[in-house]
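Protein chains: 2
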Amino acid sequence: MKPTGPLPPEFAHQTGVLHIAGRSAEDWVTEAGDTPLFVYDLAIVEARIARFRAAMPAIDLHYAIKANPHPGLLGAIGGLVDGLDVASAGELRAAIGVKPAAAISFAGPGKRDDELALAIGAGATLNVESEGEAARALAIGERLEIVPRLAIRVNPDVELRGSGMKMGGRPSPFGVDAVRAAALVRTVRAGGADWRGFHIYAGSQALDAGAIVETQAATLALAARLADEAGAVPPLVNLGGGFGVPYFAGDRPLAVEAVGAALGEALAQRPEVLAGSRFAIELGRWLVAEAGVYLTRIVDRKESQGETFLVVDGGLNHQLAASGNFGTVVRRNYPLALASRMGAGADETVSVVGPLCTPLDRLGDRVALPHAAAGDLVAIFLAGAYGASASPAAFLGHPPAAELLADHC
Amino acid sequence: MKPTGPLPPEFAHQTGVLHIAGRSAEDWVTEAGDTPLFVYDLAIVEARIARFRAAMPAIDLHYAIKANPHPGLLGAIGGLVDGLDVASAGELRAAIGVKPAAAISFAGPGKRDDELALAIGAGATLNVESEGEAARALAIGERLEIVPRLAIRVNPDVELRGSGMKMGGRPSPFGVDAVRAAALVRTVRAGGADWRGFHIYAGSQALDAGAIVETQAATLALAARLADEAGAVPPLVNLGGGFGVPYFAGDRPLAVEAVGAALGEALAQRPEVLAGSRFAIELGRWLVAEAGVYLTRIVDRKESQGETFLVVDGGLNHQLAASGNFGTVVRRNYPLALASRMGAGADETVSVVGPLCTPLDRLGDRVALPHAAAGDLVAIFLAGAYGASASPAAFLGHPPAAELLADHC
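Just so you know, the sequences run in chain order H and L. With this note's numbering as the guide, the letters of the first sequence map in order to residues 3 to 411. With this note's numbering as the guide, the letters of the second sequence map in order to residues 3 to 411.
Below you can see the structure in the form of structure tokens.
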């Protein structure tokens, strides 16, 4: 038997039939018309946003669309956050419908001229990733006769300890090295751009508040040093994100309040050069991951050489990360449950596999579950981020999963 | 510096500008209208099919659509092979337009009732994966008043040594254990089905001819034993596939002729019970992988802490496997080249990264290349199988890659 991750707090204490936003799992299937499907509970996202606001009242909150670009969810979140962070022209177009361009920033190491022109034309902020990109943005601004809004993305010389995905402290395609950042600020200001500040992202999916506190303090110090060097006050410092969620057995939730308290103190004592700056934190996964549930129905129950398999009708074509094939070295089990038997004790050890004709399509590896049969629904949790949009939907020609928003309206 | 895999023979000796099917890489970009794009050279697929036919003249050749379902490619291949193997209702619908239903077989561990009904209604063969699925197929056949064509997929008690993806010799969601297969043959025959034989798939992506020969011999022996036990002659024995292609440094091409020679001998001496059987080999990757090239343009060239990055406009959203995030434990470099400098010596060590805002998006990790600049095209080879259709195309909102077929017409 291998352990599964912890259920999000909104689901951990349910017994009997799984309810999402007050409606039973089968109710959601009826609304979707078929399995498999994703359900996103907006109330859970709202609770995360409220928790962030309470913990960090002075900090702007940005939503990183890449975590979940579902239009309904994006529209709702857009009204609750201060900014939207996008990573492609497609995401930029989606964001423009939701938020004023001045509240949108665009990061990404490979922005093409057409993407730069779209952003500059719309008035969004470009998080510039290199000297070459800055030069292209300035030239495009000149050609369009629009003053480009440019922030400098910095490859920090610190990394986020314990993060699932390190993006600082090493050679990186993201941003310019800290030693060259102040010079680039001077270049873009001299080039006539509206300089918007710094974007500094050191890593993601960290659960250790101490590590985040430490990284934020180092990021703040770096921003102050760069502002001094550049001789200019950054209007906004995007401190990055990195707030993780507990996916796997043994993971503990991030103590966001501890992060907020430490950041509040650090900001109160910040160097004079940053006195007039605003600060933002950019979150994707932490806001939406726990709000999503993936529901898939058992098609077959079978035995092979002493192992029991529950074959479900959805798999890595919709939930690649849950199969352990996206950014993980060792496959571990996401939290999952039988939707009809929440809170029930385990009767047996089974493997939950998807319908794809590949051994990679495994959603639960030797997990302990109550007895299940064909027709039962399996719920995979933590499906709200990097699920539907981050999976190879066309692989093997199955239909896409439905995506439903539970918005309490 | 880390090594890259070997270029396919059709490209390995080119110098200067990369040509695909006689046209330059930039020509293909012009036809596509933009980068990034996949080009599939049908002549290379035809060469692989011809090589197979010469090596194994008595064996049916099936194409496993999952490797590349591009409609033009599928249509062309359909006319050159004896059967199409599908793994979903979507693939079945695509195959029905290309090949008579009697030449189509449908495998997959989680077939739903609607998928079974579609296959039975069309007259395709179902590779039955469990006793439960067999019972459902028989019931649906009765309801539709159509005799279902059923083959038994067997989880073999042998594995394919050295295969990248083992699918036999262990507990498996695929097929029924060998010890129960003969009983299931009797059940489906007694239930009125048209029993089509066995489907036995022991693994994939093997480069060692000796291992494939050994597995095929064991598979043949297993089929004979099961036929004896079942008291019936299988019309067709699908011996599986498993023919690999060299992706990585040190990989050597599979000696297909050695496999064919050994299989020919084994078949000449096969047990009497299989005297009236046909035999098929099911190939996907080996037929199409080397025919595909992914072309992506350098958007930026940048330095960070002593490392040089070439940022290209396509990445894991189109070519997940090349980024090392699909079915691989240790990331290794696919073969790649500068499309304008084929055969040129290396000037420097660089990393080739895609445009996605994630460190996972790396197509070449510290590879040796001639000097390259923004605007140059990078070619990633081995892009014909498990590329466009097996990647998270929606991730981060970039457009899909174009897919072009070079068909010499």
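Glycine is no exception: its CB is placed at the ideal position from the N, C-alpha and C atoms. Since the structure is predicted, the reported quantities are computational estimates derived from the model, not experimental observations.
| query | result |
| --- | --- |
| Among the candidates Gly143(H), Ala387(H), Ser306(H), Leu379(H), whose CA atom is the shortest distance from the CA of Thr32(H)? | Leu379(H) |
| If you reduce the DSSP assignment to three classes, tell me which class Phe200(H) lands in. | strand |
| Under the rule that 16 or more other beta-carbon atoms within 10 Å means buried, what is Thr189(H), buried or exposed? | buried |
| Chain H partners of Lys304(L), CB-CB under 9 Å? | Pro111, Glu131, Ser132, Glu133, Gly134, Glu135, Pro175, Val178 |
| Assuming Val235(L) contacts Val187(L) under a Cβ cut-off of 8 Å, what Cβ separation, rounded to an integer in Å, is found between them? | With 8 Å as the limit, Val235(L) and Val187(L) do not qualify as a contact, their Cβ atoms being about 11 Å apart. |
| Identify every residue that forms a DSSP beta bridge with Met344(L). | Gly18(L) |
| State yes or no: is the C-beta of Ala291(H) within less than 7 Å of the C-beta of Ala387(H)? | yes |
| Report the rounded CA-to-CA distance for Ala408(H) versus Leu297(H), giving the unit in angstroms. | 14 Å |
| For Val352(H), tell me which candidate among Ala23(L), Ala390(L), Pro173(L) has the shortest Cα-Cα distance. | Pro173(L) |
| How far does the beta strand (DSSP E) with Glu309(H) in it reach, from first residue to last? | 309-314 |
| Determine which residues of the stretch 16-50 of chain H have a Cβ less than 8 Å from any Cβ of chain L, and write them out in chain order. | none |
| Determine whether the Cβ of Lys68(H) lies closer than 7 Å to any Cβ atom of chain L. | yes |
| Do you know offhand how far Ala109(H)'s Cα is from Leu128(H)'s? | 6 Å |
| Please state whether the Cβ-Cβ distance between Ala404(L) and Leu39(L) is less than 7 Å. | yes |
| Write down the C-beta distance between Leu76(H) and Ala96(H) rounded to the nearest angstrom, noting that I regard them as a contact closer than 8 Å. | 6 Å |
| Starting from Pro73(H), find everything on chain L with Cβ-Cβ shorter than 7 Å and list it in chain order. | By Cβ distance, chain L contributes nothing, its closest Cβ being about 12 Å from Pro73(H), past 7 Å. |
| Closer than 8 Å is the cut-off here; do at least three beta carbon pairs connect the stretch 343-351 of chain H with the stretch 262-280 of chain H? | no |
| At a CB distance below 9 Å, what residues from the stretch 392-404 of chain L approach chain H? Give them in sequence order. | Ala392, Ser393, Pro394, Ala395, Ala396, Phe397, Leu398, Gly399, His400, Pro401 |
| If we ignore side chains and look at the alpha-carbon of each, how far apart do Leu338(L) and Leu228(L) end up? | 46 Å |
| In the DSSP assignment, find the unbroken alpha helix (DSSP H) run with Gly85(H) in it and report its ends. | Note, Gly85(H): premise wrong, no alpha helix (DSSP H); beta strand (DSSP E) at 85-88. |
| For Pro150(L), would you say it is in contact with chain H, using Cβ-to-Cβ distances shorter than 7 Å as the test? | no |
| For the candidate residues Asp115(L), His400(L), Ala223(L), whose alpha-carbon lies nearest to that of Val156(L)? | Ala223(L) |
| Which residue comes first and which comes last in the beta strand (DSSP E) that contains Phe281(H)? | 280-285 |
| Spell out whether any CB of chain L is found under 7 Å from the CB atom of Glu161(H). | no |
| Have a look at Val354(H) and Arg368(H) and give me their C-alpha separation to the nearest angstrom. | 8 Å |
| Using the C-alpha atoms, what's the distance from Arg333(H) back to Ser306(H)? | 21 Å |
| Quick check: what's the CA-CA separation for Val19(L) versus Ala27(L)? | 7 Å |
| Quick one: grab the DSSP three-state call for Glu28(H). | helix |
| Given Ala23(H), which residues of its chain have a CB within under 7 Å of its CB, disregarding the five upstream and five downstream residues? | Asp43, Ala45, Ala408, His410 |
| Kindly indicate which residue of Asn319(H), Ala119(H), Gly35(H) has the alpha-carbon position closest to the one of Ala141(H). | Ala119(H) |
| Cα-Cα, which of Gly377(L), Gly123(L), Gly294(L), Thr17(L) is closest to Arg151(L)? | Gly123(L) |
| Check the Cβ-Cβ distances between Phe328(L) and every residue of chain H, and say whether any is below 7 Å. | yes |
| Could you check which residue in Glu231(H), Tyr336(H), Pro394(H) has the C-alpha nearest to that of Asn319(H)? | Pro394(H) |
| Which whole runs of the alpha helix (DSSP H) in the stretch 92-121 of chain H are 4 residues long or more, in chain order? | none |
| Please go through the same chain and pick out, in chain order, the residues whose beta-carbon is closer than 7 Å to the beta-carbon of Ala392(H), but skip the five residues on each side of it. | Leu322, Ala323, Phe328 |
| Using the DSSP secondary-structure output, state which residues sit across from Val380(L) in a beta bridge. | Thr298(L), Leu340(L) |
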